[in-house]
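Undergrad: Quick one: the structure is below, questions incoming.
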Amino acid sequence: MSKSVRDIIEKKKLAQKISVITSYDYSIASLCDKAGIDILLVGDSGGMVMLGYKNTIPVTMDQMCLFTEAVSRARKNSLIVSDLPFMSYQASTTDAITNSGRLIKAGADAVKLEGGTPMTDTIAAIVETGIPVMGHIGLQPQTTILSEGYRVQGKTVESAKLLIEDAKALEEAGVFSIVLEMISHEVSKIITETISVPTIGIGSGACCDGQVLVVHDLLGMYEKIKPKFVKRYLSLSDEIINAVESYRKDIEEGKFPLKENWFPMEKAEYEKLRKEIES
Ligand code: KIV
3 MSKSVRDIIE KKKLAQKISV ITSYDYSIAS LCDKAGIDIL LVGDSGGMVM
53 LGYKNTIPVT MDQMCLFTEA VSRARKNSLI VSDLPFMSYQ ASTTDAITNS
103 GRLIKAGADA VKLEGGTPMT DTIAAIVETG IPVMGHIGLQ PQTTILSEGY
153 RVQGKTVESA KLLIEDAKAL EEAGVFSIVL EMISHEVSKI ITETISVPTI
203 GIGSGACCDG QVLVVHDLLG MYEKIKPKFV KRYLSLSDEI INAVESYRKD
253 IEEGKFPLKE NWFPMEKAEY EKLRKEIES
């Protein structure tokens, strides 16, 4: 049986760290699931790493449903959380509930949305329908980049106090966990110690209850941005380029395909064929 929201909350109580990785397609999600990751996050970052958008703003509900369906076909053990994309939940509670329902029907176990205190009514309404919600505060790529660009949050007393208030408000609204994105280490620590639900950090230090990274970043497959908080475990871009170059050269030099890669006819059938063609 796959992991549940309850299992994730339990991990905080047991002081066990929570592992989260983004996934958008069947093949990589299968491998991440096999590797024992707690949560596969179908992030709207898929718009950038899978579809080539400059940011997450153009991502649609249809695209998020397609990613979620692919990941849910791959999943055996992990919990699946899917992002509500930009403007799929901000305009009305009805939108938020309807679109959360679409992600659940596509195979998600829970949804994630960005925003602090102003989002609490929306979160409470989704939770009321029985759909678990993961919050997301600090740097909020869907909106922060419109006003400020990518910046560390919670570096002053004022902004730190607001973030702590946001985290408390989200907990009260019923989230089962909160992503803390690019929040100073000290503020993440205070939030993690203050709230009872798990915090999942990205660029927010080691004190969070869990960590999340974009899978393309940790595999070294996305070259456009390399944030300081990313740890690269592989350089897949280099490996892929080398492999594809070798393939191209093999074709050009007649080294691929070889006998073991093709399908021969029976000799007798072939000879019959030749004779028929010649006559
Ligand atoms: O979309 C995403 O991948 C995310 C994570 C980086 C937290 O929201």
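So that you can map any letter, position 118 of the sequence shown is 120 in our numbering, and since no number is skipped, the others follow by simple counting. Ideal Cβ placement from N, Cα and C applies to all residues, glycine included. Remember, predicted model here, so these are calculated numbers, not experimental data.
In angstroms with no decimal places, state the Cα-to-Cα distance between P143 and D97.
TA: If you take the alpha carbons of P143 and D97, they lie about 20 Å apart.
Undergrad: Can I202 and Q155 be called in contact, C-beta distance under 9 Å?
TA: Not closer than 9 Å, so no.
Undergrad: How many angstroms separate the CA atom of K5 from the CA atom of G176?
TA: Cα to Cα, K5 sits roughly 19 Å from G176.
Undergrad: Applying the criterion that 16 or more other CB atoms from any shown protein chain within 10 Å of the CB defines a buried residue, is P266 buried or exposed?
TA: By the 10 Å Cβ count, P266 comes out exposed.
Undergrad: Would L220 pass as a contact of I30 if the rule is Cβ separation under 9 Å?
TA: No, these two residues do not count as a Cβ contact at 9 Å.
Undergrad: Does the beta-carbon of E183 have 16 or more other beta-carbons within 10 angstroms, so that it is buried, or is it exposed?
TA: E183 should be labelled buried.
Undergrad: Under DSSP, the alpha helix (DSSP H) around A171 begins and ends at which residues?
TA: Run containing A171: 159-175, per the alpha helix (DSSP H) assignment.
Undergrad: Which of helix, strand or coil does DSSP assign to L260?
TA: Here L260 sits in coil by DSSP.
Undergrad: Should Y91 go down as buried or exposed, given a rule of 16 or more other Cβ atoms within 10 Å for buried?
TA: By the neighbour-count rule (16 or more Cβ atoms within 10 Å), Y91 is buried.
Undergrad: With a CB to CB cut of under 6 Å and the five nearest residues on each side skipped, what residues in its chain are close to A93?
TA: Nothing listed; no residue qualifies.
Undergrad: Give the DSSP bridge partners of D85, in chain order.
TA: DSSP lists K114 as partners of D85.
Undergrad: Determine, using beta-carbon pairs with one atom in the stretch 39-57 and one in the stretch 201-218, whether at least three such pairs fall under 8 Å.
TA: Touching, yes.
Undergrad: Going by beta carbon distance, what residues of the same chain come within less than 6 Å of F231, once the five residues before and after it are set aside?
TA: If we look at F231 and ignore the five residues flanking it on each side, its Cβ neighbours are G205.
Undergrad: Could you pull the start and end residues of the alpha helix (DSSP H) that L275 belongs to?
TA: Start and end: 269-280.
Undergrad: Does the ligand KIV have a heavy atom nearer than 8 Å to the CB of V114?
TA: Reading the sequence as shown, one finds Lys at residue 114 and not Val. It does: the Cβ of K114 is within 8 Å (strictly closer) of some heavy atom of the ligand KIV.
Undergrad: Following a CB-centred definition, is S206 positioned closer than 8 Å to any heavy atom of the ligand KIV?
TA: No; taking the cut-off as 8 Å, the Cβ of S206 has no heavy atom of the ligand KIV nearer than that.
Undergrad: Considering only residues of the same chain and omitting the five flanking positions on each side of D85, which have a CB-CB separation below 7 Å?
TA: The residues are V44, G45, D46, M66, K114.
Undergrad: Could you check whether the stretch 103-112 touches the stretch 152-172, counting it as contact only if at least three pairs of C-beta atoms, one from each stretch, sit closer than 8 Å?
TA: No contact exists between the stretch 103-112 and the stretch 152-172.
Undergrad: Where R250 and M223 are concerned, what is the direct C-alpha to C-alpha distance, given to the nearest angstrom?
TA: If I take the Cα positions, the gap works out to 20 Å.
Undergrad: Cutting at 8 Å between CB atoms, please list the residues of its own chain near K126, excluding the five before and the five after it.
TA: Checking the sequence, you will find Ala at residue 126 rather than Lys. The residues are A175, G176.
Undergrad: Mind reading off the beta-carbon distance from C210 to S190? Whole number of angstroms is fine, and I expect it under 8 Å.
TA: The Cβ separation is near 6 Å, so the contact holds.
Undergrad: Within the continuous alpha helix (DSSP H) that includes L148, where are the two ends?
TA: Segment 146-149, the alpha helix (DSSP H) holding L148.
Undergrad: From I41 to R276, what does the alpha carbon distance come to, in whole angstroms?
TA: Looking at the two C-alpha atoms, the distance is approximately 60 Å.
Undergrad: Are the C-beta of I197 and some C-beta of chain B separated by less than 9 Å?
TA: No chain B appears in this structure, which consists of one protein chain only.
Undergrad: Expressed to the nearest angstrom, what Euclidean distance is found between the alpha-carbon atoms of E241 and G54?
TA: Whole-angstrom Cα-Cα distance: 20 Å.
Undergrad: I'd like the span of the alpha helix (DSSP H) that includes V129, first residue to last.
TA: Run containing V129: 122-130, per the alpha helix (DSSP H) assignment.
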